[in-house]
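Single-structure report; data block below.
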Amino acid sequence: MFTGGCSFDEHYSNCGYSVALGTNGFTWEQINTWEKPMLDPAVPTGSFMMVNSSGRASGQKAHLLLPTLKENDTHCIDFHYYFSSRDRSSPGALNVYVKVNGGPQGNPVWNVSGVVTEGWVKAELAISTFWPHFYQVIFESVSLKGHPGYIAVDEVRVLAHPCRKAPHFLRLQNVEVNVGQNATFQCIAGGKWSQHDKLWLQQWNGRDTALMVTRVVNHRRFSATVSVADTAQRSVSKYRCVIRSDGGSGVSNYAELIVKEPPTPIAPPELLAVGATYLWIKPNANSIIGDGPIILKEVEYRTTTGTWAETHIVDSPNYKLWHLDPDVEYEIRVLLTRPGEGGTGPPGPPLTTRTKCADPVHGPQNVEIVDIRARQLTLQWEPFGYAVTRCHSYNLTVRYQYVFNQQQYEAEEVIQTSSHYTLRGLRPFMTIRLRLLLSNPEGRMESEELVVQTEEDVNQAMALELQKPKFESQIFISWGPVNESNGVVRYFKINYKAVGSLDPSADLSSQRGKVFKLRNETHHLFVGLYPGTTYSFTIKASTAKGFGPPVTTRIATKISAPSMPEYDTDTPLNETDTTITVMLKPAQSRGAPETKINCVRLATKGASTQNSNTVEPEKQVDNTVKMAGVIAGLLMFIIILLGVMLTIKRRRNAYSYSYYLKLAKKQKETQSGAQREMGPVASADKPTAKLSANRNDEGFSSSSQDVNGFTDGSRGELSQPTLTIQTHPYLTCDPMEMSYPRDQFQPAIRVADLLQHITQMKRGQGYGFKEEYEALPEGQTASWDTAKEDENRNKNRYGNIISYDHSRVRLLVLDGDPHSDYINANYIDGYHRPRHYIATQGPMQETVKDFWRMIWQENSASIVMVTNLVEVGRVKCVRYWPDDTEVYGDIKVTLIETEPLAEYVIRTFTVQKVKLFGNPHQAGPIAAHCSNAGAGRTGCFIAIDTMLDMAENEGVVDIFNCVRELRAQRVNLVQTEEQYVFVHDAILEACLCGNTAIPVCEFRSLYYNISRLDPQTNSSQIKDEFQTLNIVTPRVRPEDCSIGLLPRNHDKNRNMDVLPLDRCLPFLISVDGESSNYINAALMDSHKQPAAFVVTQHPLPNTVADFWRLVFDYNCSSVVMLNEMDTAQLCMQYWPEKTSGCYGPIQVEFVSADIDEDIIHRIFRICNMARGTSSRYCSCGFRINVSSNLESLNGGGRSGTFCAICSVCEMIQQQNIIDVFHIVKTLRNNKSNMVETLV
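If you're matching positions, the sequence shown starts at 10 in my numbering and goes up one per residue.
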């Protein structure tokens, strides 16, 4: 018998038992009738534990406690009990409890009541409590009022084997369920099952749950399934199985019911990218409310206005929702699931976002003119809805143009109606070309162009050209064309009438009439008019619609001198010595009444002659008037002269101001143009290192073209005095926080929002960028006293782009030269990398030695040269590196490798110091310079590199504050607004494209992965990559193809939508009569060689001669034809068959042909007959050659594929990587239709 049993022959405390005093002294007592006989015959004989219930109230309890037991197996405890009374009534009840781990007592697992035994009765307890848990058995007697008697317990044994009659339970397992789900415990017991057995589930706190289902497994084992409904909330509770049989009770171990709460995300999903039909999201499932583990992530999305919802399983960190509707607001939530039924938690907080608009499906259709008037047109078109616009916010505009006064006018009006619109305010009788434009934020579609002529209207007034009247009876009038011609002028009508005369006696009633003039007549002479009379003239022009408004003017004829009648030679009426009296006859007036009659004074006989100086009073008055007129005229002349002089002076001042303004602007543009470039990468190590120079062969522009050639890597360890390093390391140093004050002008922008931000900033002719750029500090913001010293002035290319004192690079001072520490260079902080860059001017002849001193001293492992030596005929930077080996001061530089590529050149040098001092520890800052000043392109490179690091680490970019911080370290970094926009475009393109290079050794396996379709989205990584390629392909503007759009070149293009860019055109050199030098072709770079291919369309019948001129002029040794001949598409044979032929000035002679499967290889001899040059050979067929002329139907898809394959082969040979995305993107920069389809 194990510890815990007791026969009560000795005191019960020796067995480890104890008793608890009940109410009013009701308790267990140890009885030994052998030592102390009992007089009551109801008391049994022997030694045992007993309670006397006589005289007790009901419900009084007494407890007998066994010692604590612990064992890693099922215990069987058997005991004997005895119920007796003198009146044969039950003295009360006996309960047995099993308390585990000192927990609550709970409900009894065995009990007996209402009986009187005939002697001692044996009962068993099968207790399945396993180590390390412990338990304690408690015997409880309960009194019953009015029932005197005795309850006794004896012979308690703890056995090491299962009970014989009481079933025992196997280990009860923990049950884990999710909130709201049914929990089921399976109680498996060993022993025989009887229908009279009672089985229940007992909770830790004592509550019992009834049995649901019992199933007999075999004759020695049965199981019971008990369901628990207490799973409404997250909790942990304990349950055990209890069975009561005829032989006793079985008790299982306590098992935990663990109710888990399904997980719910705390944060909404993060939006990474937005498209018209897709949304890139990041579920953000790391922070949750509830319990894990998470075994399933799902995305539930719905429209904010709809009731339907869809759920997709997410099996990657980011997820793309496909097949969405454009410009629709969606609500996206994340569902998380943990193991078990009901493990899916409620949706997390929503992300509410809207897809972008998509390009309209088509432009307005069935557009027609339903009403034409002189000054308005009414349009009508087929109504359209969201299915066509693919955007809820769209504009419908009518754009029209016309020619007036030999000048073309264009106008555009927004249409607010849905199916018709009246265009008002037009000019009559005008040919108008118009079309409707359906546009949304993402694109636009146009209708077909309509050409219509408005109706005629009455004309406007014309300009009169009047001449000063020269005649007494004639008036000449001429007129110009009408001010606004509203139709064809048929004739002019002139009405005239006399409205007044200086002669009151004149009869004007007959002085009126009208004259009609033909439309080609512009003047008329009126005769037979009355002198001194004012006439009113009214002129009107007539069209098919009638007369226009009249032009009225008044003109007066000149006054004619009155005519005197003839006088007879009659004798005067009277004659004296001093007077003669004559008879005056009335004069005949001519346009004015007679004012006076002048009489001629005659000298009579005998009269004395008066003094000649005497002035008659009347004549003296006339002289005074004349003198006043002369003075007034002189004053007027002086006033006019002063006015003219003042006007001339003002014009001269205005001209001077305009001149200096233009001069200053020109100087600023010259400086700006001279400082906008980008160029070579280099690496240097001490004591001897390899330096790689990388030169960009293209000018640095503000477009969104790629800036290639900047690579990074890891630094090798120096193990020998001389070591060649082939990587281009960045500086590695302890991280340092570089905080940009983001509360100034523009906060940091999430990479996911960058495309939308740039699009918004470019609206309104880029006003957002203009405003933001103008907020940057410009010019000097810190002291630069050292740079201004006289000894250092010749080391600066410009006086206003020099080094700040606080950030300048200080060179070690040379012996005897205290000013040798200066170089025009500044340290620039990178992203969490202090002094990660050095921005410097392009070396001058005087500063080359200082430049290499700086490279050695700062241990710069890379030089980024963002310029060419000469651009547009101007020297931008001196050549500061050797062709072989050269010593600059005490620095020896040796060129060991040159790697030319199509867009840049990588040169690798070793750098040694003649007299070695010190030993390098780590790679120093990247030295960057551009042309001249080291501000514009240099700043662009540093800003882009810094912001890409920031985007990778934080998922945001802060370009404005980055440039502001750059300018605090060197003046005017990122020098122009165009460069500031370029920085944004370059960062956006880098973020969109990412790294798409694949090592050759991994290509086979990776290609399988990126080509595999996702069954959920019906997409693949390669399809997404091609879609991104279409996004970053530059859109061709009409001004980019201005030469191909010239009217004289229209018939040389197969498709007006596929035109070469002006900057990529191969202009024809060979002269062919008056033919132009244009051909629909483009020069394309390969990976290594610029202009390695000439891509062109299949020659049209009228461009065959141009095609052969192209082949000859550009020394094409191969022509690769990638399409079949098709007469219907004008794809005809353009070479001679087994003979020779002349195509313009080029003679083509057939030499040989070779057929290999489906490829025909022909060889021709070509020469220019006009020049008499020597001939050369050209092969036609499918053959790869460095200088190849590629022609397909439109010079795009197949030709692009051929160029891409050739370039990829070069990339494999040179770099052992494959980057199809970059190759095709580069090709599309020169021709947007290269590689047109995914397959």
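All C-beta atoms in this analysis are idealised placements derived from N, C-alpha and C, irrespective of residue type, glycine included.
No experiment lies behind these values; they were computed from the predicted model shown.
In the DSSP assignment, K922 falls within the unbroken beta strand (DSSP E) covering 913-922. In the structure shown, D893 falls within a coil segment according to DSSP collapsed to helix, strand and coil.
Under the criterion of beta carbons closer than 8 Å, A1114 and Y1087 do not qualify as touching, at roughly 13 Å.
Residues T77, L78, K79, N110 of the same chain have their beta carbon placed closer than 7 Å to that of F143, with the five preceding and five following residues left out of the count. If you check the CB distance, Y90 and V121 come in under 8 Å.
Under the DSSP assignment, G839 falls in the beta strand (DSSP E) whose first and last residues are 831-839.
Residue nearest to R384 within the set P302, R433, R1046 is R433 (criterion: CA-CA distance). The region 1109-1125 makes contact with the region 1046-1065: 3 or more CB pairs, one atom from each, lie closer than 8 Å. Counted as a single uninterrupted DSSP element, the beta strand (DSSP E) harbouring M1093 occupies residues 1090-1093. Spatial neighbours of N504 in its own chain (CB-CB distance under 6 Å, excluding positions within 5 residues in sequence) are listed in chain order as K523, T547. Per DSSP, reduced to three states, the secondary structure at P1008 is strand.
Between S246 and A175, the CB-CB gap reaches or exceeds 8 Å.
Check the Cα spacing between G315 and each of A870, Y339, I322: the tightest is with Y339. Taking all protein chains shown into account, R95 has fewer than 16 neighbouring C-beta atoms within 10 Å of its C-beta and is therefore exposed. Note: M454 is bridge-paired with L447 in the DSSP secondary-structure output. The shortest CA-to-CA distance from S427 to any of V376, A472, R408 is the one to V376. Judged by DSSP in its simplified three-state form, N504 adopts strand. Distance from the CA atom of F501 to the CA atom of T552, rounded to whole angstroms, is 9 Å. Distances from the CA of I951 to each of N941, Q978, G537, Q931 were compared; the closest alpha carbon is that of Q978.
Pairing S22 with H156 gives a Cβ-Cβ distance that is not under 8 Å. Taking all protein chains shown into account, I847 has 16 or more neighbouring C-beta atoms within 10 Å of its C-beta and is therefore buried. With contact defined as three or more Cβ pairs closer than 8 Å, the region 1228-1244 and the region 992-1009 are in contact.
Here the alpha carbon of C172 sits roughly 17 Å from the alpha carbon of L208.
DSSP places R842 inside the beta strand (DSSP E), whose first and last residues are 842-849. Here L1119 carries a helix assignment [DSSP, helix/strand/coil]. Three or more Cβ pairs drawn from the region 962-981 and the region 822-842 lie within less than 8 Å of each other, which places the two stretches in contact. Here Y418 is exposed. Its C-beta has fewer than 16 other C-beta atoms within 10 Å.
Following the DSSP letters along the chain, one finds R1237 inside the alpha helix (DSSP H) bounded by residues 1229-1239. Distances from the alpha-carbon of W119 to those of G128, E44, N104 put N104 closest. V1129 is positioned such that its CB atom lies no closer than 8 Å to that of L1119.
Counting other Cβ atoms within 10 Å of its Cβ, Q211 reaches 16 or more and is therefore classed as buried. In this structure, the alpha-carbon of D1167 lies about 30 Å from that of V1009.
Between A911 and P1099, the beta carbon gap of about 5 Å places them in contact (Cβ cut-off 8 Å). In its chain, beyond the 5 residues on either side, P1075, V1103 have a beta carbon closer than 7 Å to the beta carbon of Y1123. The secondary-structure analysis by DSSP pairs R229 with nothing; it has no beta-bridge partner. Close CB contacts of E319 within its chain, under the 8 Å cut and outside five residues either way in sequence, are with E309, Y310, R311 (chain order).
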